[in-house]
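Here is the structure we will look at, set down as structure tokens.
Number of protein chains: 2
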Amino acid sequence: MSFNVTILGTGAAVPTLNRGTTAQLVNCQQRSILIDCGEATQLQMRKFKVKFQNIQLVLISHLHGDHVFGLPGLISTMQLLGRTEAILIVGPKGIKEFLLSQFKLVGLYNGFPINFTELEPNQEGIVFEDKCLTIKTFPLNHRIATHGYRIDEKPGNRRLDKEAFDETGVSNSYINKLITGEDIQDNNGVIVRSEDVTYAPKPTKSYAFCSDTAYFPPIIEHLKDVDLLYHEATFNDKDSERAAETFHSTAKQAATIALKANAKRLILGHFSARYRTMDDHLEEAKSIFDRVYIPEDGEFFNV
Amino acid sequence: MSFNVTILGTGAAVPTLNRGTTAQLVNCQQRSILIDCGEATQLQMRKFKVKFQNIQLVLISHLHGDHVFGLPGLISTMQLLGRTEAILIVGPKGIKEFLLSQFKLVGLYNGFPINFTELEPNQEGIVFEDKCLTIKTFPLNHRIATHGYRIDEKPGNRRLDKEAFDETGVSNSYINKLITGEDIQDNNGVIVRSEDVTYAPKPTKSYAFCSDTAYFPPIIEHLKDVDLLYHEATFNDKDSERAAETFHSTAKQAATIALKANAKRLILGHFSARYRTMDDHLEEAKSIFDRVYIPEDGEFFNV
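Printed below as a string of structure tokens:
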């Protein structure tokens, strides 16, 4: 099954023509998950041909405009285009009022159900779970309550060893039980053990999202061995004081978190508009953690 | 002095890559006025190189998302980029709560002063006036309270007839009085009448904005002899039932208003995304009123 991320906006604070504000679309095992929704996210989705009516779940990190100002418009558009399926929005305390107070005033919204899970400021643990994946939250360290998220696939079925299975001579109708780990006995009394005719399930993958945050080592335990880590890097080294003042990170700090968490790969983002090129970000991050990427808006990553 | 309009968004309801939602920038005698502010208006401004820090006045027609969802982001960006000058927002009752309830939640706004003038549902008359221009409002006919606006330049100074003035032999220092219509007597007792040495002021111009609205003849009296009229034309003739149901207009209805108001020119807009070309709109409108234009986003009109 696929597990991938499209980075819809790589900019900080203010949208520009080159970099939208924060939003990412995660597809994990047929679940379509939007993380954050800065202004014009619905336009970024059109530009990068991302289907937004499939989104079932929205994760919001925090209530700063560059992470939420696109949400009312997106929900309105979903409704105007005929959506009937419910959506679940997980985010900080206040996200419900943020959205519903606007819909009350613009008098527009009377469509599909919107469900909310509001998080306490320092909440940790599972916020969503189904048969395919688990989503956990953990606190980041920003000027207001801000939530990181980690999405872990659950193991799928075991994979059939076709040759070993064929040697047993039992009917194909037992395959469904065997790949879920169940041993079987057929009508002729033949016993087949699952582990003798199947391989272990495909290894599961994981993705974590950390934005916005100062350098904050307590998150490392939540990021252990993650396959793909997104960590904000608003600034580079020469603006490290500004990073500390505003509770943002430098590229080097993001790389340090990736290294200490034993992440496999790192994507940076939330870049301040002050930088003409991202060369310094890349060089500084690579000095600590080599498997680091500087995305452009619309870039796609397999987890 | 210049008086012009940049159409920032020509689409209805839902922003697309081709047509943004409603927003227009009017420059009138060095005043910079934004009318409506759909999502991503700040990006349209960047795209079309419109300076948004100069905007002193915002006129909002009504509280539907495609006319206001860009306002929180625009104000935030103005603040983040260091604006200190006050701004005045004129719009329907509720516009203040719409904006301030969001800033309360996103905890971001603590910048330049925002003043509000909230309109009663059927308010008519002057909503803003200074030495250069007058802005009047009048009710449109939409599903919720919706306000049309008309901007009239005030007459400038009379224009000097250099030859006639020179013949009087009085000092140049009297020019400033004479062009404001004042008669003078100089130290030698020479009397000069303003009207003998000046021409009438340059004719004043006017611009009116009508969106969203069903076909609504009571607005005609407010639009009399307007130089440039913007009237929504969400639909064309084959969708005239849909227009009536949703309190929108067809191209022909917009043209009829322009004709009856004796407008000089007409711009259509707020086009439904269902139309691949605007040829039918143009043809139908032209059958009634010839001086009609179908703008693209970013198009610029001198009033």
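Going down the list, the sequences are from chains B and L.
Following this note's numbering from start to finish, the first sequence increments by one per residue and tops out at 596.
Following this note's numbering from start to finish, the second sequence increments by one per residue and tops out at 596.
All C-beta atoms, glycine included, are put in the ideal place defined by N, C-alpha and C.
Q: Answer yes or no: does any C-beta atom of chain B fall closer than 8 Å to that of T370/L?
A: yes
(Q) Assuming E577/B is part of the beta strand (DSSP E), what are its boundary residues? (A) Run containing E577/B: none in the beta strand (DSSP E); it sits in the alpha helix (DSSP H), 572–579.
Q) Where G630/L and A566/B are concerned, what is the direct C-alpha to C-alpha distance, given to the nearest angstrom? A) Outside the shown range of chain L (294 to 596) lies residue 630/L, about which nothing can therefore be said.
Q. In terms of alpha-carbon separation, which member of D359/L, F431/L, P406/L lies closest to I368/L?
A. P406/L
Q. What residue range is occupied by the uninterrupted alpha helix (DSSP H) comprising G366/B?
A. 364–373
Q. I think A289/B touches T543/B, with their Cβ atoms under 8 Å apart; what is that distance to the nearest whole Å?
A. For chain B, the structure presents residues 294 to 596; residue 289/B sits outside this window and is missing.
Q: Express the C-alpha separation of M338/L and V307/B in angstroms, rounding to a whole number.
A: 13 Å
Q) Are T439/B and T506/B close, meaning C-beta to C-beta below 8 Å? A) yes
Q: Out of T370/B, G358/B, T309/B, E332/B, point me to the one whose CA is closest to Q346/B's CA.
A: T370/B
Q) For Y492/B versus R535/B, is the C-beta spacing smaller than 8 Å? A) no
Q. Is it the case that the Cβ atoms of L352/B and G384/B are separated by a distance below 8 Å?
A. yes
Q) From what residue to what residue does the alpha helix (DSSP H) around R443/B run? A) That residue, R443/B, is in no alpha helix (DSSP H); its beta strand (DSSP E) goes 440–446.
Q: Can you give me the Cβ contacts of F582/L inside the same chain, cut-off strictly under 7 Å, excluding the 5 residues immediately before and after it?
A: A548, A551, L552, L559
Q) Are the beta-carbon atoms belonging to G313/B and P365/L less than 8 Å from one another? A) No, they are not a contact pair.
Q) Which chain L residues are close to V361/B, counting only those with a beta carbon under 8 Å from its beta carbon? A) V399
Q: Under 7 Å Cβ to Cβ from D479/L, same chain only, skipping five residues before and after it: list those, please.
A: V463, S464, Y467
Q.
On a Cα-Cα basis, can you pick out the residue from K470/L, L336/L, S580/L, V519/L that is closest to Y442/L?
A. V519/L
Q: Identify whether P308/B lies in helix, strand or coil by the three-state DSSP scheme.
A: coil
Q | Span separating the alpha-carbon of F502/L from that of L373/B | A | 25 Å
Q: State the Cα-Cα distance for the pair L561/L and D530/L, rounded to the nearest angstrom.
A: 14 Å
Q. Candidates A316/B, E390/B, K447/B: which alpha carbon is nearest T299/B's?
A. A316/B
Q: Could you check if D459/L is buried or exposed, using at least 16 other CB atoms within 10 Å of its CB as the buried criterion?
A: exposed
Q. DSSP beta-bridge partners for Y586/L?
A. Note: Y586/L is bridge-paired with I560/L in the DSSP secondary-structure output.
(Q) Quick check on E525/L: does DSSP put it in helix, strand or coil? (A) strand
**Q.** Cα-Cα separation, Q639/B to I477/L
**A.** Here chain B has residues from 294 to 596 only, and residue 639/B is not among them.
Q: Determine, using beta carbons only, whether T309/L comes closer than 8 Å to chain B.
A: yes
Q. If the cut is a Cβ gap below 7 Å, which residues of chain B does E390/L touch?
A. L398
Q.
Counting only beta-carbon separations shorter than 8 Å, does R339/B have a partner in chain L?
A. yes
Q: Would you mind telling me which residues of chain B sit closer than 9 Å to L336/L, beta carbon to beta carbon, in chain order?
A: P308, T309, L310, G313, E332, A333, L336
Q) So, using beta-carbon positions, are T303/B and E589/B closer together than 8 Å? A) Against a cut-off of 8 Å, the Cβ pair of E589/B and T303/B comes out as a contact.
Q.
Excluding the 5 residues flanking I328/L on each side, which residues of the same chain have their C-beta closer than 6 Å to its C-beta?
A. Q317, L352, F502
Q: Note down, in chain order, every chain L residue with its Cβ under 7 Å from the Cβ of G358/B.
A: P365, G366, S369, V399, L401
(Q) Along the chain, where does the beta strand (DSSP E) containing L381/B start, and where does it finish? (A) Going by DSSP, L381/B is part of the beta strand (DSSP E) stretching over 380–385.
Q.
Please return the same chain residues whose Cβ sits closer than 6 Å to the Cβ of V485/L, not counting the five positions on each side in sequence.
A. T461, V463, I477
Q: Locate the alpha helix (DSSP H) running through A551/L, then write down its first and last residues.
A: 544–553
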